[in-house]
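Each residue of the sequence shown is one higher than the last, beginning at -18 in this note's numbering.
No residue lacks a Cβ here, since even glycine has one placed at the ideal position from N, Cα and C.
Written out below as structure tokens is the structure these notes cover.
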Amino acid sequence: MKHDSFYYAKVTGLFFEHLVNLAYICLGMGALLCLVGITGFCAAMKENWCLITLSFSSLAVLFCTKIFGTIFVFAYRDLSVVIVRDVGKKSLQTAYMGPAATDPVSTVWNTIITTVCFLPYECCGFENSIVDFEKSVFSTTTGLKYPKICCVDKNSNKCNGTNTAEGLVYPEVKHFH
-18 MKHDSFYYAK VTGLFFEHLV NLAYICLGMG ALLCLVGITG FCAAMKENWC
32 LITLSFSSLA VLFCTKIFGT IFVFAYRDLS VVIVRDVGKK SLQTAYMGPA
82 ATDPVSTVWN TIITTVCFLP YECCGFENSI VDFEKSVFST TTGLKYPKIC
132 CVDKNSNKCN GTNTAEGLVY PEVKHFH
């Protein structure tokens, strides 16, 4: 699997810029923590009260910043879930080309469908099986209503991508929050 910036930009789309910003924030916080740690070490070695106070104050501010950041993430959890659902559905409907495709978005979705979904959730698509693929790029290019990898029994003759009989494909996500 490729791991370069083009790959991530293609998979994440418009949110790539935010991921890059988040990476810079994490790098900056790590550098700041390293600097505060070195300052604290030097202050302790020299027994300099002023530097020890500066180091402790800096650690207290960073600790409070992390606490408030964590509270912010949990407070806006519902918003982030909505954003992830919208981006996920959009990528599935506008960029997923099918199990045989090798583009980044299709590769990620195939991995999700074949590994993540079948273990605990037994799902296909984003929220439920066939509805997620209606009017999608996959459906219009292949003429199928769902990918064959979505079938409960992939070896069944009924699993042809167009048969929508009950019990043939996983009906909906179980236990997804």
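Would you decide whether residue 139 is buried or exposed? Buried here means 16 or more other CB atoms lie within 10 Å of its CB.
exposed
Bridge partners - residue 150, DSSP secondary structure assignment
132
What residue does the alpha helix (DSSP H) around residue 50 start on, and which one ends it?
30 to 56
DSSP three-state assignment for residue 117, whether helix, strand or coil:
coil
Between which two residues does the alpha helix (DSSP H) holding residue 91 run?
85 to 92
Same chain only: Cβ atoms within 7 Å of residue 87, ignoring 5 sequence neighbours per side:
77, 78 and 79
Rounded C-alpha distance that separates residue 114 from residue 18:
Between the alpha carbons of residue 114 and residue 18 lies a gap of roughly 52 Å.
In this structure, does DSSP put residue 3 in helix, strand or coil?
It is helical.
C-beta atoms of residue 41 and residue 32 nearer than 7 Å
no
Beta-carbon within less than 7 Å of residue 60's beta-carbon, same chain only, minus the 5 sequence neighbours each way: which residues are those?
none
Taking buried to mean at least 16 other C-beta atoms within 10 Å of its own C-beta, is residue 46 buried or exposed?
exposed
Kindly list the residues whose CB is nearer than 7 Å to the CB of residue 106, restricted to its own chain and excluding five residues on each side of it in sequence; keep chain order.
73, 113 and 114
Close Cβ partners of residue 39 (< 6 Å) along its chain, the five nearest in sequence each way excluded:
17
How many Å lie between residue 53 and residue 62 at the Cα?
14 Å
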